[in-house]
Each structure stands twice: as C-alpha cells, then as structure tokens.
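Engineer: Below are the structure tokens for one structure; questions will follow.
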Amino acid sequence: MAIRTLDVAAIRKDFPIFETGIAYLDSANTSQRPKQVTGAMMEYFETYNSNIHRAAYRIAEEATVHYEAAREKVRAFINAASTKEIVYTRGTTEAINLVAYSWGRKHIKSGDLIVLTILEHHSNIVPWQILAAEKGAHIEYVDIDEKGELRQDQFADLLRRGPKLVAFNLVSNAMGTINPAREMVAAAKKAGATVLVDGAQSTPHQPVDVRALGCDFYAFSGHKMLGPTGAGILYGRRELLEAMDPFMAGGDMIRTVRIEGTTYHDLPWKFEAGTQAIAEVIGLGAAVDYLSGLGMDAVRAHELEITEYAYEAMSEVDGLTVYGPPPSRRAGVISFSLDGIHPHDLATIADRDQVCLRAGHHCAMPLMTRLGLAATARASIYVYTLKSDVDRLVSSITEAQRIFA
Amino acid sequence: MPELSTAADDQFYREYILDHFKNPRNYGRLESPDISHEEDNPLCGDVVGMDFRVKDGVIEDIRFHGRGCAISQASASLLTERLKGLPLEQAKKISKDDVLGELGIEISPARIKCALLSLKVLKVGAYGLADEDGE
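These protein sequence lines map, in sequence, to chains A and B. If you read the first sequence in my numbering, its first letter stands for residue 1, the second for the next number, and so on. If you read the second sequence in my numbering, its first letter stands for residue 406, the second for the next number, and so on.
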C-alpha cells in the first residue's frame, strides 16, 4: 500500500501560531496544537462544560460521552485490547510514577534488579531510583555504542541476571535514537521481566501497536502529539492493572466509602482520582483524530524526509557535531554542538531570527555525562516542519559562527 | 533593572560582551588564594570559579576560571574588573542590578542564571571568608 504524503501547506493552515513567523524546531519538547484541538476544548468550555460521571443532566452526560470517547480513540490509536487498559494521567511522567508506585511497591523486593538504559529521560530514571532506594533493589543501565545505539550485547548480559523490571524509551528524546523495542521487549519478557516502554517520543511520530510490541506498560503524553498539556496515557495490560493498588485516592476512583473501609472503582477509573482534566482529555482525543487522519506512516515518512534534509545540511557545517545514529534509525530529533559556541548562546541568537531551538541537557543528564557534554542544542521536527525551517536554522548557525569567529 | 535600548539589544553578543568572552580579564588561578570558590549551573553546564587575595580587607588580586556560555563568562570577567582593589565589605554589597547593569544588554529570564553565576561565586565566597574570620 502506498504511503500517503503529508500536505504540509494545508496542515500549517490548521496551526494559527505559524502566522507569527516562527520556525518551531522544538516539538520533542512540546508540539504545537491545531485549531481542531483547541476548538474541541473550546466547544466543551462553551457548550457542555460540566463534570463527568456524576450529574444526571444532559450536558454532564455529553461531557462523559466525549471524555470516554477519547479513551476509545486512544485505544484504537495504539491498538490496545480494551479501553480498560487505557488510564488517563497528566502525562508520561505521572504514568511512570503510577507504575513505580502501584506496581513497583508491590513487586520490587530487596536485592531485585531493575534494568534501565543510559538513554532515558529523567522521568524514566528517578521514579525507579526512589523505588530502588526504598526497597533495597538496584539499577543497571544499558550503555550506548559510538553510534548512540544501545549495546544489545550488554542488554542480553543483564537479562541473564533475571531483572524484575526492564524500562526503556522507544525513542530517545535527547538523541532521537529509535531503539529496537520489539526485540528488546521480547527478550526481556523471555527473561521473566515486567516491561515498561516510555513512548513519549515515539507515539507522536510513528505507528504504535502495543500488542505487537508486547510490553506490559506503555506511557506517553498528549502535549507532544498535538494535544494540550495535562493529559497523557498509561497503557497497562489488564491483568497487571487489575492486581495493582490505586495510585491516588479520592473522587472518581471510588466505588463505595464506608467508615470501615472503601472499595475501588473498576478499571480504568480505579487510577483516575479526583476531578479529571476533562477539556484536556477531549483535546487529546481531537489530536488523535487529527493524527489518525494524516496517517502515522505518512507522519513518519515526512519526518524522515525532513530529518535527512537537516542531517545533510548540518553535516556540511564546519565545526558542527551531530550526535546519534543516521536518519534511518533516528526519529525527527537532531542533537548537536558547535565548536566554541555554547548551545545557550546559539539558542539566543536563533531566537532573534524567530527560530525556536532547545538548548540544555534535555532531562537526560546521565546521557550527557556519558557523552562528556554539559549541554547540546536540539532541533526537533513534526508534521508541520518545512525544509525552510531547517534552512533558517542553518542561517542562524552560520550567523552564530560569524559572531563568535 | 537597567534601562535598555533596542540598539543595545542589537549589540548583543557583539563587541563588549564578546570581547570579554574571547579575551577574559583576570583569567586563571592565584597561587594560595585567601578565598577560592566555584559554582556551577547544572542546567546548562556553566562553571565559574574565583580566587581572591585579600589584604587589609581589600581585594588585592583576583582571578576567575570556568567554562560555559558567553553571558556567564563575560559576566565573570566584568565582575573581576570591578572587584580588583575593592574593599571586601563593598564587594559584598554588589547587587544583581549592578551586575546586570554592567552587562548593559537585555537578559531574558532564561539567561538570568548565566548572568548572575559569577555574583553567586562572589557572595558565597566572600561570606565564607567572613565565617572563617569569626566575624
């Protein structure tokens, strides 16, 4: 089947922010949001704003229907078996913390091994460090090779030590490396581990099928995939979620409360305490509709084209080092440094040309330390990115080199 | 905050700041300094350290070292020029606005920490010496 191509000019008309003239190259940080997403949220606020799962009147019914419809959209988007496996969270960080708390405290014991990788975002390191410290477990990190790809030989060695949990990102936010997740999950499952995949950087950019992936948990954020901040997803296999205790208590997660004790709601609401981010969830549903309309194969194909273009253009710049694997094995993320110019200075100069560029450690300090860097500049790409955005970045780089020459 | 003109902003990274970045004043280390202190900003990896020689309560000599962005390093260079020969008690009174004013360019909120890293080195360093003297 031929892959559709994106009509980027038409897509950009859905994003009013581009009328400001910015070249937005920071979508791995947070994406822009189309009118369809903000419109769906505004429609909720202006025509059926009310709380879900409670009131008996019409607009509250409507809010509940939209809130739950978004869950079905997300389920289909990642091909989960049931909406019971789709838990709303504030984002990837909360989803991972939920697993560390509700699953980890029950299953991780003293002396257990947790396997992570050096490519992880802090959000997929720190919850496990806290858990390991509390339980007396220990953590090992899979290293990278000189191309920025995970050392599978070392991963296999660690699996032979029988880790209780393996957690890694499908795509590295700092280098864009696409990890061979399906093979890694299969190997980890075979070794008897429970597996969490951090999908924050993969879900927005490529087709995801959690059942084909075979992981136990999969976490991602809405705001990196055209949705608003404040709504994200934890996918968990039903039998694991059923056996877990609640993460937070109160509000929506309760069935009955008596003085003698409380019974909890069914999945997935057991994990959705308090009044939920209703508008944000509805916005996330609209974002999923938008991406599904484009087709995730087409999204990936577009990003690969722009990434190859950027990779080539940047490779031609003297004194510029790109970190990580070649475009075919990386997502639309290009982390780089310039000789003699600090990434923050570059970002400030780029900003004067309305080029939005990330500079820093990208919440991946262990990786930066591993690379011997304090910070890099990072350009990241999405459905609305033009080759001319890349050209503008290269101009800013040239301007920075002229100033600092 | 210092008054800033658009013209000053246009000069960002040109001349003044860049000169201090490329040709830092009082750069290096002092042998057996009376005060030596270093601070970093883990967010962007900026590092600034300062060595002070203090005689009769006056900063007789000063050197700084470090690495990082132009703002953090130029700010440190400028501060050492101001500090050399200054009584320590007066040095302690140097404020954020003094440092930002001396830079003379518009510093965005994201870069304030870069600009003020050297001041932090001075403050922590200078007060550290006061403690040792039992003041």
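All residues carry an ideal CB built from backbone N, CA and C; glycine is no exception.
1) In this structure, does DSSP put A:Thr-64 in helix, strand or coil?
2) Using beta carbons (cut-off 7 Å, strictly below), is A:Asp-345 in contact with chain B?
3) Report the rounded CA-to-CA distance for A:Thr-398 versus A:Met-314, giving the unit in angstroms.
4) Can you check whether the C-beta of B:Ala-475 is within less than 7 Å of a C-beta belonging to chain A?
5) Please state whether DSSP places A:Tyr-235 in a helix, a strand or coil.
6) Is there at least one Cβ from chain A nearer than 7 Å to B:Gly-450's Cβ?
7) Less than 7 Å between the C-beta atoms of A:Met-244 and A:Trp-103, yes or no?
8) B:Leu-423 versus chain A: which residues are under 9 Å apart at the beta carbon?
9) Going along the chain, which residues of its own chain have a beta-carbon closer than 8 Å to the beta-carbon of A:Asp-209, five neighbours each way excluded?
10) One question on the structure: do B:Arg-472 and B:Gly-433 come within less than 7 Å of each other, judged by their Cβ atoms?
11) For A:Asp-26, tell me which candidate among A:Val-390, A:Gln-401 and A:Ala-400 has the shortest Cα-Cα distance.
12) Could you spell out the range, first to last residue, of the beta strand (DSSP E) harbouring B:Gly-454?
13) Out of A:Thr-369, A:Tyr-384, A:Phe-271 and A:Thr-275, state which residue places its alpha-carbon closest to the alpha-carbon of A:Glu-94.
14) Keeping to the same chain, check which residues put their C-beta closer than 6 Å to that of A:Ile-33; ignore five residues upstream and five downstream.
15) Within the continuous beta strand (DSSP E) that includes A:Gly-91, where are the two ends?
16) Short of 8 Å in beta carbon distance, which residues of its chain neighbour A:Pro-268, apart from the five on each side in sequence? Order them along the chain.
17) Determine the direct distance from the alpha carbon of A:Ala-188 to that of A:Ile-282, and round the result to whole angstroms.
18) Does the CB of A:Ala-375 have a neighbour CB from chain B at under 7 Å?
19) Does DSSP put A:Val-37 in a helix, in a strand, or in coil?
20) DSSP beta-bridge partners for A:His-223?
21) Closest to A:Ile-22 by C-alpha separation, out of A:Leu-386, A:Cys-215 and A:Ala-186, would be which residue?
22) Quick one: what's got a C-beta closer than 6 Å to A:Ala-286's C-beta in the same chain, skipping five residues either side?
23) Give me the Cα-Cα distance between B:Asp-466 and B:Ala-479, rounded to the nearest whole angstrom.
24) Give me, in chain order, the residues of the same chain whose beta-carbon lies closer than 8 Å to that of A:Tyr-264; leave out the 5 immediate sequence neighbours on both sides.
25) Using a C-beta cutoff of 7 Å, does A:Asp-342 count as contacting chain B?
26) Does the beta-carbon of A:Met-175 have 16 or more other beta-carbons within 10 angstroms, so that it is buried, or is it exposed?
Structural biologist: Let's see:
1) Three-state result, A:Thr-64: helix.
2) With 7 Å as the cut-off, A:Asp-345 counts as an interface residue toward chain B.
3) Distance between the alpha carbons of A:Thr-398 and A:Met-314 is about 10 Å.
4) Taking Cβ atoms only, chain A reaches closer than 7 Å to B:Ala-475, which makes this a yes.
5) In the structure shown, A:Tyr-235 sits in a strand (DSSP, three-state: E or B).
6) It does; some Cβ of chain A falls within 7 Å.
7) It is a contact, given that the beta carbons lie within the stated cut-off.
8) Within 9 Å Cβ-Cβ: Ile-403 and Phe-404.
9) If the five residues before and after A:Asp-209 are omitted, its C-beta is found closer than 8 Å to the C-beta atoms of Ile-78 and Asn-79, all from its own chain and listed in chain order.
10) No, the pair does not count as a contact, with Cβ atoms beyond the cut-off.
11) Sorting A:Val-390, A:Gln-401 and A:Ala-400 by C-alpha distance to the C-alpha of A:Asp-26 places A:Val-390 at the top.
12) Its beta strand (DSSP E) spans residues 451-460.
13) Taking only the C-alpha atoms, the option nearest A:Glu-94 is A:Phe-271.
14) For the sequence presented, residue 33 of chain A should be read as Arg rather than Ile. Closer than 6 Å at Cβ, skipping near neighbours: Leu-226.
15) Where A:Gly-91 is concerned, there is no enclosing beta strand (DSSP E), given that its DSSP letter is neither H nor E.
16) Take A:Pro-268, set aside five residues on each side of it, and the residues of its chain with a beta-carbon closer than 8 Å to its own are Arg-71, Thr-83, Lys-84, Glu-85, Ile-86, Val-87, Tyr-88 and Leu-241, in chain order.
17) Straight-line spacing of the CA atoms in A:Ile-282 and A:Ala-188 works out to 35 Å.
18) Interface residue, yes.
19) The three-state secondary structure of A:Val-37, taken from DSSP, is helix.
20) DSSP output for A:His-223 lists no bridge partner at all.
21) When the alpha-carbon of A:Ile-22 is set against those of A:Leu-386, A:Cys-215 and A:Ala-186, the nearest one is in A:Leu-386.
22) The beta carbon of A:Ala-286 lies closer than 6 Å to those of Gln-36, Val-37 and Ala-40 in the same chain, with the five residues before and after it left out.
23) Roughly 18 Å separates the two Cα atoms.
24) Taken in chain order, the residues that qualify are Pro-246, Met-253, Ile-254, Arg-255 and Lys-270.
25) It should be pointed out that residue 342 of chain A corresponds to His in this sequence rather than to Asp. Yes, its Cβ sits closer than 7 Å to a Cβ of chain B.
26) Buried is the call here.
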